[in-house]
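Visitor: The structure that follows is given in the form of structure tokens.
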Amino acid sequence: MNILTGESFEEVLRKHEGRIYYHIHKLNIFDPHREFYQEGLCALWEAYKTYQPDKAQLSTHLHNAIHNRLIDLLRKKACQQRHDEMFHQEEMKKQVSGNRRCNVNMPIHDDPRIMLNEAKLWQQVRALLTVNQWKWLKFNILMGLSNQEIAEQEGVSVASVHSWAKTAKRRLRKELRKWKRYVDWDGVSWIG
């Protein structure tokens, strides 16, 4: 029995248990395992133990304690869920799209939007380039990796990747000059 309130915890629980359910409902919490109920019950117990009548009414003190504890648990759960999702995504990258040929855990991502929307164009570009030049274009231009990251992924020096980039740019500029004669630069259609 709390001397300050003159009530035992069982009496306080009987009177104020509805507050726990109220806050669970108000915060729109799905609680199949009664985890939030248990947290609310602990908050009720601690609020009962720490109640000081000169600071606030018991009902206000209990209301705030339960509400704040449930909000804290919601935030904790949301943070844990974000962490779990990020971990799951990273694991999927390693398992599904890792560069196994070079024994590097750096993921390789194909962006289907780029490749599918402009498939004919990218086939023509790929035909112009060597395998290494295409790797540079794909990883640097399409995927946004730095030359350092490409070098680590492919197990070569940064200078090699820089050379791939330089020759790829040179070839593409040369070919672009040829294409200018056949392309309507207003973006309407191919000419010829």
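Each step along the sequence shown adds one to the number in the UniProt record's numbering, with nothing skipped, and position 94 is 94. Backbone N, C-alpha and C fix where the C-beta goes; we use that ideal spot for every residue, glycine too. Since the model is a prediction, treat every value here as computed from it, not as a measurement.
1. Under three-state DSSP, which class holds E118?
2. Within the same chain, show all residues whose beta-carbon is closer than 6 Å to that of I29, passing over the 5 residues directly before and after it, in chain order.
3. If you count every other CB in all the chains shown that lies within 10 Å of the CB of V12, and 16 or more means buried, which is it?
4. What is the DSSP secondary structure of R100, reduced to helix, strand or coil?
5. Please go through the same chain and pick out, in chain order, the residues whose beta-carbon is closer than 6 Å to the beta-carbon of A56, but skip the five residues on each side of it.
6. The alpha helix (DSSP H) with K55 in it runs from where to where?
7. With distance defined between alpha-carbon atoms, name the residue in A159, D31, L137 nearest to K169.
8. Please classify G18 as buried or exposed, where buried requires at least 16 neighbouring CB atoms within 10 angstroms.
9. Compare the beta carbon distance of L70 and E39 with 8 Å and say whether it is the shorter of the two.
10. Indicate whether the contact test is met: 3 or more Cβ pairs, each with one atom in the stretch 157-164 and one in the stretch 125-143, closer than 8 Å.
11. How many angstroms separate the CA atom of K166 from the CA atom of L142?
Guide: So, from the data block:
1. coil
2. F36
3. buried
4. No answer about R100 holds up, because its pLDDT of 45 lies below 50 and its placement is not dependable.
5. none
6. Note, K55: premise wrong, no alpha helix (DSSP H); not H, not E.
7. L137
8. exposed
9. yes
10. yes
11. 16 Å
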